[in-house]
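Here is the structure we will look at, set down as C-alpha cells.
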Amino acid sequence: MKNTLHAIYLKTDTTSKSLAKNALSQLILKILFYYDKELSIDEIKNEINSLLRSNVNKDRIEDANNLLVDEGKITIDNEQYQLTSSRKQKINIAYQEYTNRIFRIIEKFFSPVKSEKTAIRNWFETITINF
Numbered sequence: 037m038k039n040t041l042h043a044i045y046l047k048t049d050t051t052s053k054s055l056a057k058n059a060l061s062q063l064i065l066k067i068l069f070y071y072d073k074e075l076s077i078d079e080i081k082n083e084i085n086s087l088l089r090s091n092v093n094k095d096r097i098e099d100a101n102n103l104l105v106d107e108g109k110i111t112i113d114n115e116q117y118q119l120t121s122s123r124k125q126k127i128n129i130a131y132q133e134y135t136n137r138i139f140r141i142i143e144k145f146f147s148p149v150k151s152e153k154t155a156i157r158n159w160f161e162t163i164t165i166n167f
C-alpha cells in the first residue's frame, strides 16, 4: 500500500499547487486509514517524508489537514488527527472494490498459469503503479 500511495502522489504533484494540496490530502487520508488510529502532525509528517523520500514542509501538511477538517473528512482532538467514521467506511469500500477488481482480472486473464495468485497480484500492482 505504501508504494501505491507514493506513486499516486508523484503523478499528481507536478501539475499545480492546487492539485498538490489535493494529492497531499489524499495521501494523509490513506495514511490515517492505513494506521487506523489517531496520529499527530509530526507522525503524519514523518510518514509522508518516509513515503516520498523527501522533506515536505510541515506548513503544507497542516494546510492539507485543515482542508480535510473543513471538508469533514478528518477530525482533530488534542492535536491528534483521525478519519471520520464515514470517510473510513468510504475508503474501506474503495479498497474492497479495488481488491475484488484485481481478483477478477487475475481470475479472468491469469487463471491458467501455475504461479501463485499472490505473486501475480504483486506483479500486477507493481506494473499498474509503474504505468
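In our numbering, the protein residues as written are 37 to 167. Using N, Cα and C, we set each Cβ at its ideal position, and we do this for glycine too.
Asked                                                                                                                                                         : Found
What runs of the alpha helix (DSSP H), each 4 residues or longer, lie entirely inside the stretch 45-129?                                                     : 53-71, 77-88 and 94-106
May I ask you to report which of helix, strand or coil DSSP gives His42?                                                                                      : Residue placement at His42 cannot be trusted, given a pLDDT of 47 that sits under 50; what the coordinates show is reported in the next sentence. Reduced to three states, the DSSP call for His42 is helix.
Please classify Lys150: does DSSP put it in a helix, a strand, or coil?                                                                                       : coil
Return the residue from the list Phe69, Ile156 and Ile165 that minimises the CA-CA distance to Lys109.                                                        : Phe69
Leaving out five residues on either side along the sequence, give the residues of the same chain with a beta carbon under 7 Å from the beta carbon of Thr164. : none
Nearest to Ala100 by alpha carbon, out of Ser151, Lys66 and Ser147?                                                                                           : Lys66
Are the stretch 84-92 and the stretch 139-150 touching by the rule of at least three beta carbon pairs closer than 8 Å?                                       : no
Use the C-beta contact count for Ile129: other C-beta atoms within 10 angstroms, 16 or more gives buried, fewer gives exposed.                                : exposed
Please return the same chain residues whose Cβ sits closer than 7 Å to the Cβ of Asn114, not counting the five positions on each side in sequence.            : none
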